[in-house]
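Report on one structure; see the data block that follows.
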């Protein structure tokens, strides 16, 4: 059977032979790229693991992160060069190839930025354990955003759009958008204030109004705080720059005040002995430094005392442990000396009429 007439048959401006060759080019290109991914890259991974440097691992990982969409469109783009396509179809293929390629290029550059930032932070923390990485992390995020913006402009330019006219239109529309997004923009600018002014850093224990917790993440729009109860509190950055914040990490010594009460039946001699008991207990507690203890007032149902001491640490757990030991020691000492702690009570005195 003579297949020449079949191969010479023309459809949409191309012969069957051209379609067959184009299909063969697509298959061969895709197979070659797949072999590169599952063969060459796999071997490169093993070699990279044997080296001490990390940059080769990163480069191999970047290549490994390129998946089938890129390989498919690359193969399709190469195969299409052998065909006489309609200008519209040719433009569509070119646009898709540019967009997919641009996406993977930006992802690769983002991985490089992430690696560079992590390397700098790691080196700085080796020499300075108190090094604050939040500023570098912010710059890294901004760089990634700029990359996407530049990639978008370059892609639009390659797609044939007049970027200058587009940017001028964006400038006019940006004013309206700024008004619509003023709260978000305010949070973003507040994040800059937090990063550079440093009222708190990641890991600090802070108090905001009724909430107390550790700073876990300082983002561009909000800051995440883990409360003492374990909940995650998300606070807009704008709010954090407009309220009073109590940062426990900034204090070198912590002043603690606690109160306790004894019953009215406590004798005067025992009342005079209480300050001495409290002084000895605090003095024997690790990291604690006695300041004062006073009989404060006559309460409704108790005799009220107030004591204060300094703790040579700003750690919340150390403070809790110290107060725990003081409370137990106080209870033990009072039981030994026959001093009763007070609790809300009412006494009724009934008198018989004569």
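In the working numbering, the protein residues as written are 143 to 496. Just so it is clear, CB atoms sit at the ideal spot from N, CA and C, and this is done for glycine as well. Computed from a prediction, not measured in an experiment: that's the story for all the values here.
- In the three-state scheme derived from DSSP, where H, G and I count as helix and E and B as strand, residue 233 is classed as helix.
- With a 10 Å radius around the Cβ and a threshold of 16 neighbouring Cβ atoms, residue 221 comes out buried.
- Of the residues 436, 289, 446, 164, the one whose Cα lies closest to the Cα of residue 254 is 289.
- Under the three-pair Cβ rule at 8 Å, the stretch 413-422 does not count as touching the stretch 359-367.
- For residue 366, the pairing in a beta bridge is given by DSSP as 359, 376.
- For residue 257, the closest alpha carbon among the candidates 464, 196, 441, 386 is that of 196.
- Taking C-alpha positions only, residue 422 is separated from residue 434 by approximately 12 Å.
- Inclusion of residue 379 and residue 349 in the CB contact set at 7 Å is not warranted, their separation being larger than that value.
- Taking C-beta separations shorter than 7 Å and ignoring five residues to either side along the sequence, the partners of residue 438 in its chain run 446, 447, 448, following chain order.
- Listed in chain order, the non-local C-beta contacts of residue 482 below 6 Å within the same chain comprise 405, local neighbours out to five positions each way being set aside.
- If you compare the alpha carbons of 346, 382, 385, 384 with that of residue 368, the shortest gap goes to 346.
- Spanning the alpha carbons of residue 459 and residue 394 requires a straight line of approximately 15 Å.
- Here residue 245 carries a helix assignment [DSSP, helix/strand/coil].
- Residue 212 and residue 237 have their alpha carbons spaced roughly 13 Å apart.
- Annotation: residue 275 is outside any alpha helix (DSSP H) and is labelled neither H nor E by DSSP.
- The alpha-carbon of residue 156 is positioned some 14 Å away from that of residue 231.
- Taking the Cα positions, residue 384 is about 36 Å away from residue 294.
- Per the coordinates, the alpha-carbon of residue 167 lies some 8 Å from the alpha-carbon of residue 217.
- Setting aside the 5 residues that flank it on each side, residue 412 is surrounded in the same chain by 481, each with a C-beta closer than 6 Å to its C-beta; the list follows chain order.
- By DSSP's assignment, residue 291 forms no beta bridge with any residue.
- Only exposed fits residue 425, as fewer than 16 other CB atoms lie within 10 angstroms of its CB.
- Secondary structure at residue 470: helix, using DSSP grouped into helix, strand and coil.
- Judged by DSSP secondary structure, residue 403 falls within the beta strand (DSSP E) whose first and last residues are 396-404.
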